[in-house]
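One structure below.
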Amino acid sequence: MDGGAPGPVRGRTVRSTCCYCGVGCGVLVHGARDADGRERITGVEGDPAHPANAGRLCSKGLALADSARSLQGRLLHPQLRGDRAQPRRRVDWGLALDTVAERLSRIVERHGPDAVAFYLSGQLLTEDYHVFNKLAKGLLRTANIDTNSRLCMSAAVTAYRLAFGADGPPACYEDLELAKTVLFAGSNAAYAHPVLFRRLEAAKARDPGVRWIVVDPRRTDTAAMADLHLQVQPGTDVALFNGMLHHLVWEGLLDADFIEAHTTGFPELKRLLREYTPRMAAEICGIRAEDLVTAAEWFGRSPAALSLYCMGLNQSVHGTDKNLALIHLHLATGQVGRPGAGPFSLTGQPNAMGGREVGGMATMLAAHRDLDDSAHRAEVEALWQLAPGTLPDRPGLAAVELFEALRAGRIKAVWIACTNPAHSMPDLGLVREALQRAEFVVVQDAFAGTDTVSFADVLLPAATWGEKDGTVTNSERRISRVRAAVARPGEARPDWWIAREVALRLEARLAAPGAAPLFTAATPAALFDEHRALTVGRDLDIGGLDYAVLERDGPQQWPFPAGAARGQARRYGDGVFATPDGRARFHPTPYRPVAEPVSARYPLRLLTGRLRDQWHGMSRTGRVPHLFAHCPEPALRMHPDDAARRGLQAGELVRVASKRGALVLPLELSDEVASGTVFAAMHWSGQHLSCGGVNEVSLPAVDARSRQPELKHAAVRVEKAAFGWHLLAARRGDALALHAALQPLLRDCGYAGLALHPCAESTGDGRAWMVLRAAAEPMPAAWMQRLEDALDLGTGPDTLEYRDARRGLLRRVAWREDDGSSRIEGVLWADARPGGDALLQAALADRPWTGPRLAAFSSTATVARDPMVCVCRQVSESQIRAAVRDGADLAALRTRLGCGTVCGSCTPQLLRLVAEPVRA
Ligand SMILES: Nc1nc2c(c(=O)[nH]1)N[C@H]1C(S)=C(S)[C@@H](COP(=O)(O)OP(=O)(O)OC[C@H]3O[C@@H](n4cnc5c(=O)[nH]c(N)nc54)[C@H](O)[C@@H]3O)O[C@H]1N2
Ligand SMILES: Nc1nc2c(c(=O)[nH]1)N[C@H]1C(S)=C(S)[C@@H](COP(=O)(O)OP(=O)(O)OC[C@H]3O[C@@H](n4cnc5c(=O)[nH]c(N)nc54)[C@H](O)[C@@H]3O)O[C@H]1N2
Ligand code: SF4
Ligand SMILES: [Mo]
């Protein structure tokens, strides 16, 4: 039994695609066989031949080989448990697959197909997605198959469809270089799409006439580089875009011919716009009317205006309107389908687009077809050789409703693949309850430690990036190959293979006698061909594209119909849209406020988003010590004025509470957020925190049309979290083994945060510092014992300890002898008050310890954090500030310190530090 993937390449290089963001950078993956016989990825570099990145990679892409280095924490064998009270036990694939098929078919027989649900991911490959979609809709006959794209791209999809008649960005990456005005709306591309940002930076450097407008309630690195930053109140984008369009209408800056020839609905919209005077709109947004007008002028008078937008628009209960109001600006000015122009939705995940193409969601059928369209159903039934009337004729439950139905018992079983809903869904309390109540939970992941894994009745080990074959589609509709570079470890299998094996078993049980076999395609190439056949004649037609073409000519954009020599770079260049009458549509977009108003009880608006060097729940980036260096610890960012008003200090622990839940985080003061808003990164989960992360407090309210939840705008209260006992522990060692030992201790604390820290001199053996910060009431002796066992700091001659059990006080330092000098190997510091930072810094610096060892206990000084700005060259903020004080500009920083010369992800921050007033 295996996945039928082609043989791995040994000591050779394979072309593939980065598994992180929707930029879709091409990579060259080098693999080799180890002394112990294991095949290993030895290095990853940017593919100079890939049109998305031309050889560039960001910090995450450059760390791909590091994240794949160790098998510690990987899921290597199927596991199963008969009942929830039992631990799971290892079983063989046959039993695991039989069990899944048997349990699902029994539930279908008893409760009907809609009692089963699938919850998938925009990180699956197109081929994986295709099998799951066919299994759910074609075989089981349920549309309860949704994905994390519902949390991500769903508003963009809905708006594209409403405005253009079909889903898909009209622009392409070349437009980044051709645009004269770039409007970033709810996009922190400097962090989230770094390689595109490098292309934009270069274009702006070449042509100083290029102007950037950034719409974001935070002063992000993207905003800091803008010519105009509109720091709007959260959720007010519709008012902003309406106000900008009002100005364009009244100044006559429209493309009347385009509106007349190629659109409908403008007169109705114009009536609505009347009230959105720049003054009124600016007031809603909390910005100056002059700035709104400037933005409108720059946009309206630009020879080429390009909008780049992402979660700041989509993750909203009015996400569809936010997208539409932005698209209106383009339609009204004819800024679409032309070089350098268009509303360009940046996709988040590497295959968010592929999932949409395949139709692997509850609201779609396949290849941009609709479930509630009988002609569409008949087409797919014919292609899949299904009996007429087989396919479900209504949309299924979208993500949030799906978990609500699971909690209410209407859905009995859920199969979760390649996503971690117990961390990434809104209102985690609800999600955990749903998973607890479910009759049967299947989790298919590559890693054993995610927060969702603990709910699994059956755990299926998936092969992951570097080990599997298929295709992904990036933000500009470009389909690239993903190729295996090394053998799959243990018994891990490709996702499509797992889905197909269960499908074959279900088919044997459920299919009508004489029905055509549905799952004959048994390789990624054959699966791609099946998917391709579904697209023929549709707007995303890839009838001319197969693996052979991708092999020969490299990545290609869709549409790519049969007979075409290449795909289409831009869409709608002829002004003909994918609607029945070929005209694009304007829709009325009234401004409405966010779902949850702030109140006296919950006076602050919590924004959530991404860090530069982490990926989602960190199951992969969290394995690489240097990727923590830029933001080493979880934090809640608050404006200094708001903190002062509450008597809160930087570094203190605070409790962030909403109507739904609460979490404790260290406080970070930053004027990047406006007073009245706070920000927390979405990455930290139960793997690194004492709770599930920021979604403990987020809200499950959804947009009525896209059903996308408002993950960005909860109303919260922030107050001091007082604890009578504080702990700081650090240990140098095998980072992943230390993580596995310490992670189970986190949840018992009032606050606990785990972070990796690179060793001063990397020896390439996976050694790093694991730092644990915790607070609680004094912990029971049993917990302390588990902690001491996990840290294993020894009690030998190289250990110094001071203990006062009565006061809950413990200090221990362990040294090692290295090259004739002694260096700190580990630290444990527990006290009624926080402390030990100076000792921690001494430990992390890894310098020889001189002087008496006893001095280790006397250092009570607090030490300011010195985050690493450039992780490639390990250059810290204090080093950069010192150079800036000496007069260095960006070029000088690059030559003197080397920062910003490898991946370039830190360039925006370097520019910011250069521009800041010099601090003494
Ligand atoms: N480093 C890194 N890169 C990633 C990812 C990752 O995990 N890490 N994930 C990928 C994925 S799946 C996605 S979806 C993308 C997300 O990419 P982005 O959407 O660019 O990233 P976010 O940080 O989620 O949110 C963007 C910005 O929206 C702002 N915002 C919040 N509310 C509003 C609002 O009401 N209006 C406006 N205009 N802005 C608002 C936030 O302050 C934030 O700066 O990133 C992709 N790239
Ligand atoms: N508050 C808040 N919440 C958010 C967001 C936000 O901005 N704010 N953003 C939302 C967005 S845009 C997104 S996209 C989601 C992302 O949320 P998730 O989808 O939960 O994010 P990941 O951690 O990337 O989950 C992917 C999982 O797949 C596993 N995996 C890796 N490779 C493979 C493979 O080949 N096969 C299988 N089967 N598994 C694999 C990984 O170990 C990981 O557990 O989060 C959403 N949640
Ligand atoms: S920008 Fe970075 S994370 Fe995104 S695809 Fe490229 S290398 Fe990967
Ligand atoms: Mo996303």
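So for the sequence shown, the numbering used here puts the first residue at 862; every next one is plus one.
Backbone N, C-alpha and C fix where the C-beta goes; we use that ideal spot for every residue, glycine too.
Reduced DSSP category for M1086 - H, G, I as helix; E, B as strand; rest coil: Mapped onto the sequence shown, residue 1086 falls at position 225. Reduced to three states, the DSSP call for M1086 is coil.
Nonlocal neighbours in the same chain, by C-beta distance under 7 Å from W1545, ignoring five residues either side: Looking up residue 1545 in the sequence shown gives position 684. Closer than 7 Å at the Cβ level, and outside the excluded window around W1545, lie P1495 and G1554.
First and last residue of the uninterrupted alpha helix (DSSP H) at F979: Sequence index remark: in the sequence shown, residue 979 carries index 118 (1-based). Per DSSP, F979 belongs to no alpha helix (DSSP H); it is in the beta strand (DSSP E), V977 to L981.
Where the alpha helix (DSSP H) through L1395 begins and ends: Against the sequence shown, residue 1395 aligns to sequence position 534. Where L1395 is concerned, the enclosing alpha helix (DSSP H) stretches over P1385 to T1396.
Selected residue, minimal CA-CA separation from I1145, among D895, W1358, Y1452 and F1380: Position 284 of the sequence shown, counted from the first residue, corresponds to residue 1145. Cα-wise, what sits closest to I1145 is Y1452.
Check: N1049 C-beta below 7 Å from any heavy atom of ligand 1: Within the sequence shown, numbered from 1, the residue matching residue 1049 stands at position 188. N1049: yes, Cβ under 7 Å from ligand 1.
Distance cut-off 7 Å: N914 Cβ against heavy atoms of ligand 3: Reading the sequence shown from its first residue, position 53 is the one you call residue 914. Because some heavy atom of ligand 3 lies under 7 Å away, the Cβ of N914 counts as near it: yes.
Near ligand 2: A1386 beta-carbon under 7 Å from a heavy atom: The count along the sequence shown starts at 1 and reaches residue 1386 at position 525. No, ligand 2 has no heavy atom inside 7 Å of this Cβ.
Assigned secondary structure, P1769 (DSSP; H/G/I helix, E/B strand, else coil): On the sequence shown, position 908 is the one that residue 1769 refers to. Helix.
Spatial distance of V1093 from P1078 (CA atoms): Position 232 of the sequence shown, counting from 1, holds the residue named residue 1093. Position 217 of the sequence shown, counting from 1, holds the residue named residue 1078. Cα to Cα, V1093 sits roughly 5 Å from P1078.
Stretch pair the region 1031–1045 + the region 1417–1435: three plus CB contacts closer than 8 Å: yes
Residue nearest to S1168 in terms of C-alpha spacing, selected from A1193, T1138, S1206 and T1155: Here residue 1168 corresponds to residue number 307 of the sequence shown, with the count starting at 1. Cα-wise, what sits closest to S1168 is S1206.
Where R1354 sits in the DSSP three-state scheme: For this step, residue 1354 is matched to residue 493 along the sequence shown. Three-state DSSP puts R1354 in a strand.
Supposed contact pair L941 and V1319 - C-beta distance, whole angstroms, cut 8 Å: Against the sequence shown, residue 1319 aligns to sequence position 458. Against the sequence shown, residue 941 aligns to sequence position 80. So it is a contact: roughly 5 Å between Cβ atoms.
Presumed contact (8 Å Cβ cut-off) between A1283 and D1312, rounded CB distance: Working through the sequence shown from its first residue, we reach residue 1283 at position 422. Working through the sequence shown from its first residue, we reach residue 1312 at position 451. So it is a contact: roughly 4 Å between Cβ atoms.
For M1645, the three-state DSSP class (helix, strand or coil): As a first step, residue 1645 is located in the sequence shown; it is residue number 784 there, counting from the start. In the structure shown, M1645 sits in a helix (DSSP, three-state: H, G or I).
Status (buried if at least 16 other CB within 10 Å, exposed otherwise) for S1336: Here the question's residue 1336 lines up with position 475 in the sequence shown. Buried is the call here.
Three-state secondary structure (DSSP) of F1160: Position 299 of the sequence shown, counting from 1, holds the residue named residue 1160. The answer is helix: DSSP assigns F1160 an H, G or I state.
Expected contact under 8 Å - CB spacing of L1472 and Y881 to nearest Å: Indexing the sequence shown from 1 puts residue 1472 at position 611. Indexing the sequence shown from 1 puts residue 881 at position 20. About 13 Å; that fails the 8 Å criterion.
Segment limits, alpha helix (DSSP H) that includes S928: Numbered from 1 along the sequence shown, position 67 holds the residue referred to as residue 928. From DSSP, the alpha helix (DSSP H) with S928 extends over L925 to S928.
Sequence-distant residues of its chain with Cβ nearer than 6 Å to N1556 (five each side left out): The residue given as residue 1556 occupies position 695 in the sequence shown. Closer than 6 Å at the Cβ level, and outside the excluded window around N1556, lie P1287 and L1289.
Bridge-paired residues (DSSP) for G1331: Here residue 1331 refers to the residue found at position 470 of the sequence shown. The partner list for G1331 (beta bridge, DSSP) reads V1343.
Through-space distance from L925 to H1846, alpha-carbon basis: With the chain running from 862 to 1781 in the structure shown, residue 1846 is simply not present.
E821 to A1613 span [Cα, whole Å]: Missing from the structure shown is residue 821; the chain here goes from 862 to 1781 and no further.
Beta-carbon spacing of T1224, P1204 below 8 Å: Translated into positions along the sequence shown, residue 1224 becomes position 363. Translated into positions along the sequence shown, residue 1204 becomes position 343. It is not a contact, given that the beta carbons lie outside the stated cut-off.
Under 8 Å between C-beta atoms of V1043 and N914: As a working mapping, residue 1043 is identified with position 182 in the sequence shown. As a working mapping, residue 914 is identified with position 53 in the sequence shown. Going by C-beta atoms, V1043 is not nearer than 8 Å to N914.
Stretch-stretch touch, CB-based, cutoff 8 Å, three pairs: the region 1566–1578 with the region 1462–1478: yes
Counterpart residues of I1277 in DSSP-defined beta bridges: Reading the sequence shown from its first residue, position 416 is the one you call residue 1277. DSSP, once it has assigned bridges, lists Y980 and V1304 as partnering I1277.
Through-space distance from S1285 to P867, alpha-carbon basis: Taking the first residue of the sequence shown as 1, we reach residue 867 at position 6. Taking the first residue of the sequence shown as 1, we reach residue 1285 at position 424. Residue placement at P867 is poorly supported in this model, since its pLDDT is 43, which falls under 50; the coordinates are not used for a value here.
Any non-hydrogen atom of ligand 4 within 7 Å of Q1210 CB: Counting from one through the sequence shown, the residue named residue 1210 turns up at place 349. At least one heavy atom of ligand 4 is nearer than 7 Å to the Cβ of Q1210, so yes.
Check: N1859 C-beta below 7 Å from any heavy atom of ligand 2: Any answer about residue 1859 is impossible in this case: the structure gives the chain only from 862 up to 1781.
Beta-bridge pairing of L1524 - partner residues as DSSP gives them: Translated into the one-based positions of the sequence shown, residue 1524 becomes position 663. Beta-bridge pairing links L1524 to V1517.
Neighbourhood of V870 by C-beta, 7 Å cutoff - its chain only, sequence neighbours within 5 removed: For the purposes of this step, residue 870 is identified with residue 9 of the sequence shown, where counting begins at 1. Only weak support exists for where V870 lies, its pLDDT of 43 falling under 50; the value from the coordinates is given anyway. Here the set comprises G892 and A1346.
Check: H1054 C-beta below 7 Å from any heavy atom of ligand 3: Numbered from its first residue, the sequence shown carries residue 1054 at position 193. Within the cutoff, so yes.
For L1406, the three-state DSSP class (helix, strand or coil): Taking the first residue of the sequence shown as position 1, residue 1406 is located at position 545. L1406 falls in the coil class under three-state DSSP.
Beta-carbon separation (whole angstroms), A1373 vs A1248, contact threshold 8 Å: Here residue 1373 is taken as the residue at index 512 of the sequence shown, counted from 1. Here residue 1248 is taken as the residue at index 387 of the sequence shown, counted from 1. A1373 to A1248, Cβ: 7 Å. Contact.
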